[in-house]
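Report on one structure; see the data block that follows.
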Amino acid sequence: MIPLLGQRIYELNSSLILWSVAILCTLLVSWWHCRRRSTNSVPKKWQCVGELSELTLFPVKSCGGISLQEAECTEYGIQTVTDGPLKLRDRFFIVVDEHNGMFKTARTHPKMVLINMALDGNDAVKLSAPDMSELQVKVPEYSENNKYSHCKFWGNEMLGTVDCGDMAAKWLSQYMLGKDNGVRLGYHLADIMPRRVADKNLKHCYKTLQDSDLGAYSDLSSFMLMTESSIADLKTRVPPDVSVVPRQFRPNFLVRASVAYEEDKWDWIRIGDTAVFRNVKPCTRCLFTTVDPNTGIKNPHKEPLSTLKRYRKLTDPTKLKVEGSAPAFGINLGLHRKGIIRVGDNVFVGTE
152 MIPLLGQRIY ELNSSLILWS VAILCTLLVS WWHCRRRSTN SVPKKWQCVG ELSELTLFPV
212 KSCGGISLQE AECTEYGIQT VTDGPLKLRD RFFIVVDEHN GMFKTARTHP KMVLINMALD
272 GNDAVKLSAP DMSELQVKVP EYSENNKYSH CKFWGNEMLG TVDCGDMAAK WLSQYMLGKD
332 NGVRLGYHLA DIMPRRVADK NLKHCYKTLQ DSDLGAYSDL SSFMLMTESS IADLKTRVPP
392 DVSVVPRQFR PNFLVRASVA YEEDKWDWIR IGDTAVFRNV KPCTRCLFTT VDPNTGIKNP
452 HKEPLSTLKR YRKLTDPTKL KVEGSAPAFG INLGLHRKGI IRVGDNVFVG TE
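Residue numbers for the sequence shown follow the working numbering, so the first one is 152 and each next one is one higher.
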């Protein structure tokens, strides 16, 4: 009788322990979800920290930018505000090697920064570059006859693209390579192409980074912000003969703010009345910053990158392991609320 009673007490205690553990786990999961929802909630109070002074869209990855007075902020980045059906969207075109599919960049082809694109009617764009005749290129639409391919991106990421035709390929090859073939122009058809997936190591380091933050063909997120004061500070540090202009760093948003590098600490950001963003990662820098956007020539001393490496390296060991020695300058943003923004809009930071 006593052994049986002891067994029942043991079973009862075991059940109580299991139920207690289950309840505790449920409470922890609920707490985690509540905390995650609260940290991802758009702030209700904002503090004005500056003014949007420049707004730039880069239609072709690694090529020239377009200064805008207003833009619509979408999940893929900024796009033009026009009455026609066709919009120019940030980095929706990409140049790829026709042999191996690797994307081309001004890091190795600096003349690319002198290639410009503009809208040309309701279904086409126009390419222009020094010493080249302008070329009209029809923008691909969904069709069973489209030539789909994959381009190789950073870290062996494979991205889908739609070929823009032989004339565009020949034009780009002649300008970039001095021959009739070698590269092709690709286009992102957002309606049928899957969203990109952020690198798991980056998401481990940067907890606010989400897959939905990634742009079509941007290096990482759909938006990048810098401040005039940070660029002004860099100018005081580089050698006197080194030119430093904002477009070397290719920000979509240039903000007139009072304190250099204060953008590093911004979390939630609102531009104008409606568009809301979140700081998802510092923007790490490479050799692209050494290309003069006005001449397409690299600085022989790797400036201003060399100067940035002396004082803007990351210090967190976990992030250093992922990012390496690349310095940070500017911030990558993810969109949390769409809206139309304009040069001159106030820029706010969430306070609570």
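A virtual CB, placed ideally from N, CA and C, is assigned to each residue, including glycine.
This one's a predicted model, so the numbers in the text were calculated from it and none came from an experiment.
V389 and G490 have their C-alpha atoms some 37 Å from each other. The C-beta distance from S457 to A411 rounds to 19 Å, too long to meet the 8 Å contact threshold. DSSP places P194 in the coil class of the three-state scheme, outside both helix and strand.
G201 is positioned such that its CB atom lies closer than 8 Å to that of V498. Rounded to whole angstroms, V431 and S213 show a C-alpha spacing of 22 Å. G481 places its beta carbon 8 Å or farther from that of C437. Taking the CA atoms as reference points, G215 sits about 18 Å from Y227.
In this structure, the beta-carbon distance from E205 to S192 does not fall below 8 Å. Per the coordinates, the alpha-carbon of G366 lies some 13 Å from the alpha-carbon of W305.
Within the same chain, Cβ atoms closer than 6 Å to the Cβ of L310 are found at C302 and F304, the five residues on either side in sequence being excluded.
For Y293 and G485, the gap between their C-alpha atoms comes out near 27 Å.
In the three-state scheme derived from DSSP, where H, G and I count as helix and E and B as strand, P210 is classed as coil. For a cut-off of 8 Å, the C-beta gap from L323 to L340 is around 19 Å, too long to register as a contact. Between the region 418-427 and the region 383-403 there are fewer than three C-beta pairs closer than 8 Å, too few to call the two in contact. Note on geometry: alpha-carbon atoms of A257 and I229 lie some 21 Å from one another.
Separation of the CB atoms of L208 and D241 is rounded to 5 Å, and the pair is thereby assigned contact status at 8 Å. Using a Cβ distance threshold of 8 Å, F404 and L278 do not count as a contacting pair. Counted as a single uninterrupted DSSP element, the beta strand (DSSP E) harbouring K432 occupies residues A426 to T435.
Of the candidates D496, L371, H452 and M375, L371 places its Cα closest to the Cα of E474. For M327, DSSP assigns no beta-bridge partner whatsoever.
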